[in-house]
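For the sequence shown, this note's numbering begins at 25 and goes up steadily by one.
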Amino acid sequence: MKIFLLLLITISSTFAEMGTIRGTLSKSSNEILLASKDKTRVVEISKEFEFTLDEKILNSPNYVFEFSGDITSNKVVTSEAPVIVAGNSELVGTLKRSEDGELYINDQKVKFGRTKKIYNISFDDKSKASFVGKSIVAQGSYDENYFVMNAIVQNDLLSADSQSEFDVPQGFKSNPEEFIIEDMAKNINSQSTKPYRASLFESKKEVYPGESVLIITFSGRQGDAPGAAGGHFTVGNGIVQDDMSIKGEVSNFYFEGPKEVLAGNTDLVSYFGHFIQGQQNYRPTFTLFVYGVSKDKLKYIRDYLEVENHKARTLKGLEITPGYNCTTTSNDALAKVGIKGAHKNFFNSLLDIQNLALVNPLGIGARHAGTEGTLNTIRTVSYALREDPEHYIPRPAFNAYVKQFSSKRKNRKLGVKRVDYLFMPQTPSARPVGGMSYDQPIKEGKKIVDYDKKREARIAKENKAKQTLESASSTPEQREWAKEVINNAVPYAEDMRRVKEFLNKTID
Numbered sequence: 025m026k027i028f029l030l031l032l033i034t035i036s037s038t039f040a041e042m043g044t045i046r047g048t049l050s051k052s053s054n055e056i057l058l059a060s061k062d063k064t065r066v067v068e069i070s071k072e073f074e075f076t077l078d079e080k081i082l083n084s085p086n087y088v089f090e091f092s093g094d095i096t097s098n099k100v101v102t103s104e105a106p107v108i109v110a111g112n113s114e115l116v117g118t119l120k121r122s123e124d125g126e127l128y129i130n131d132q133k134v135k136f137g138r139t140k141k142i143y144n145i146s147f148d149d150k151s152k153a154s155f156v157g158k159s160i161v162a163q164g165s166y167d168e169n170y171f172v173m174n175a176i177v178q179n180d181l182l183s184a185d186s187q188s189e190f191d192v193p194q195g196f197k198s199n200p201e202e203f204i205i206e207d208m209a210k211n212i213n214s215q216s217t218k219p220y221r222a223s224l225f226e227s228k229k230e231v232y233p234g235e236s237v238l239i240i241t242f243s244g245r246q247g248d249a250p251g252a253a254g255g256h257f258t259v260g261n262g263i264v265q266d267d268m269s270i271k272g273e274v275s276n277f278y279f280e281g282p283k284e285v286l287a288g289n290t291d292l293v294s295y296f297g298h299f300i301q302g303q304q305n306y307r308p309t310f311t312l313f314v315y316g317v318s319k320d321k322l323k324y325i326r327d328y329l330e331v332e333n334h335k336a337r338t339l340k341g342l343e344i345t346p347g348y349n350c351t352t353t354s355n356d357a358l359a360k361v362g363i364k365g366a367h368k369n370f371f372n373s374l375l376d377i378q379n380l381a382l383v384n385p386l387g388i389g390a391r392h393a394g395t396e397g398t399l400n401t402i403r404t405v406s407y408a409l410r411e412d413p414e415h416y417i418p419r420p421a422f423n424a425y426v427k428q429f430s431s432k433r434k435n436r437k438l439g440v441k442r443v444d445y446l447f448m449p450q451t452p453s454a455r456p457v458g459g460m461s462y463d464q465p466i467k468e469g470k471k472i473v474d475y476d477k478k479r480e481a482r483i484a485k486e487n488k489a490k491q492t493l494e495s496a497s498s499t500p501e502q503r504e505w506a507k508e509v510i511n512n513a514v515p516y517a518e519d520m521r522r523v524k525e526f527l528n529k530t531i532d
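Next comes the structure, spelled out in structure tokens:
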């Protein structure tokens, strides 16, 4: 009997359970280790995706990863790259403040986790107060007394529930496609503080739990950084849960910077609502949830983009260019499985004005040219003239998919049941409000780039003047120069006013 019990215990402790697990990664000898809430396990990943657990991933202890696969008491066996999340745990409920000032979700005490200043502004008290009284999804980790939140998103936004009630603009109800493409560009709409989700396309087929979701999301311009006026674009996938919420992820093709973004598949709550990295903190976002696209297609897109994320993490000297960026990589991935924007339809391509620029040899192979030096600049402009803006600029790309997924015939071909549009406003803070990004690379884009370069040069000059005055080795002449520069320096508030005025006038 004892032998039987020991055997039973041994079998149960090694039995693999299919599921998900979160934790931090490290490497010891030849083993990859995942430290989760209960213990540390060895990670075994299929050879096809061994490259995704690169040195950058394994040396990022401040990031939490979620693995899907077979989980035993001592191993995680997986056949796919992990997802970046904002904590080991998740809480769903209304964020409430008690009379003594403590914050709660249900009966659990919660507090806000780490944030930092990006362009002089952080996820501040105004940001925190904006979520009090709202039903939210929060990601974070438990300490002795609190659930420490690192990311927040309003609960009913990442959902397939068609019964959710939102204050949807009347123009959207009348003509969704036209409203998204034309009217959302207006500041009164893109700078609105009210989120909403509504259907762009509906068939007679219902969306059920277990449904696959293609996610196409586009972030607008930042109000405090002209250099970010082009926006951000990416794609991903999700699954409709039993409660109709969407558990999803997107490919976060980002290079290292002050926002601490680690390129990789990123959970939706973290992508939108992280207190440092979240897109929602910096600008409004616009998203399509496309229900019914084949799971095989979505897996191919994920795997394809993981190669690009690996490059962004590991290749030194790799640069973002008009021909190689978040939009081009996403478009290329979608095209591989036959999903294209409306600009790629036969008649649109046949009559495309870009066809006139195909004879320019300087545009051939210029996708990595960049803007350093006269020749590279000419080659980049040549590339821009011969390529559709929908291929390399976020806003035109997003609008091209809005047009495509408004088509009943195109949707039927892909097995699409429904397409939802989600608008998420910028989280309130002291940060200036952003808005829609530009869509014209020559007319708007160049004007903004020129403005940004002059502004950056001015700021660099002002910073140098401050350093000169602080340095004991500065000469009298240098000090006089520095004093003159400081006297003519533009105060921060005035600089932000000018940036907002310029962007609001330039982009439509």
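We put the CB at the ideal spot given by N, CA and C, even for glycine. Note that the structure is a prediction, hence the values are computed from the model and not measured.
Apply the 10 Å Cβ neighbour rule to residue i and answer buried if 16 or more other Cβ atoms are within range, or exposed otherwise.
i	result
Met42	exposed
Val100	buried
Ser103	exposed
Lys467	exposed
Tyr416	buried
Leu115	buried
Tyr516	exposed
Tyr278	buried
Asn379	Caution applies to Asn379, whose pLDDT of 47 falls short of 50 and renders its modelled position unreliable; the value that the coordinates give is listed next. Label assigned to Asn379: exposed.
Gly137	buried
Ala506	buried
Thr451	buried
Asp444	buried
Gly125	exposed
Glu273	buried
Gln491	exposed
Lys141	exposed
Leu375	With a pLDDT of 48 at Leu375, under the threshold of 50, the modelled position of this residue cannot be trusted; read the value that follows with caution. Leu375 comes out exposed.
Phe75	exposed
Thr499	exposed
Ser553	This structure cannot settle anything about residue 553, because the visible part of the chain is limited to 25 through 532.
Which residues in the same chain have their Cβ closer than 6 Å to the Cβ of residue i, if we skip the five residues on either side of it in sequence?
i	result
Tyr315	Val231, Glu235, Val237, Lys441 and Arg442
Ser373	Legend: pLDDT at Ser373 = 49, less than 50; position of this residue unreliable, no value from coordinates given.
Gly459	Asn211, Ser214, Gln215, Gly244 and Arg245
Asn98	Arg65
Pro85	Thr48
Do residue j and residue i come within 7 Å of each other at the CB atom, strictly closer than that value?
i	j	result
Ile160	Asn174	no
Tyr425	Gly365	yes
Lys321	Val361	yes
Pro250	Leu224	no
Gly195	Asp185	no
Gly297	Val177	yes
Pro418	Ser354	no
Phe147	Asn261	no
Asn130	Arg46	no
Thr351	Phe257	yes
Ala110	Gln163	yes
Asp219	Pro413	It is Pro, not Asp, that sits at residue 219 in the sequence shown. Not in contact: Pro219 and Pro413 (Cβ atoms no closer than 7 Å).
Leu446	Arg307	no
Lys51	Leu82	yes
Lys133	Tyr170	yes
Who are the near neighbours of residue i in its chain, counting only those whose CB is closer than 7 Å to its CB and skipping five residues on each side?
i	result
Met520	Asp248 and Pro456
Ala357	Val259, Ile325, Tyr328 and Leu329
Lys80	Arg337 and Thr338
Glu284	Ile300 and Gln301
Lys471	Thr530
Asp191	Lys218 and Tyr220
Lys368	none
Tyr475	Pro250 and Phe526
Could you compute how far the alpha carbon of residue i sits from the alpha carbon of residue j?
i	j	result
Ile145	Ser453	8 Å
Arg436	Ala59	45 Å
Gly281	Thr290	17 Å
Tyr87	Leu286	8 Å
Phe526	Val107	38 Å
Lys120	Ser214	28 Å
Thr241	Glu411	21 Å
Asp94	Ser183	27 Å
Thr44	Phe89	10 Å
Ile402	Lys477	For Ile402, the predicted model reports a pLDDT of 44, less than 50, meaning its position is unreliable; a value from the coordinates is still stated below. Near 18 Å, if we compare the C-alpha coordinates of Lys477 and Ile402.
Glu202	Lys427	9 Å
Tyr348	Gln502	42 Å
Gly341	Ser198	48 Å
Lys152	Tyr143	19 Å
Ile263	Glu343	33 Å
Might you give, ordered along the chain, the residues of its own chain that have their beta carbon closer than 8 Å to the beta carbon of residue i, omitting 5 neighbours on each side?
i	result
Asp78	His334, Arg337 and Thr338
Going along the chain, which unbroken runs of the alpha helix (DSSP H) with 4 or more residues stay wholly within the segment 433–505? 470–494
Please list the segments of the alpha helix (DSSP H) lying wholly inside the segment 60–91, counting only runs of 4 or more residues, in order along the chain. 79–82
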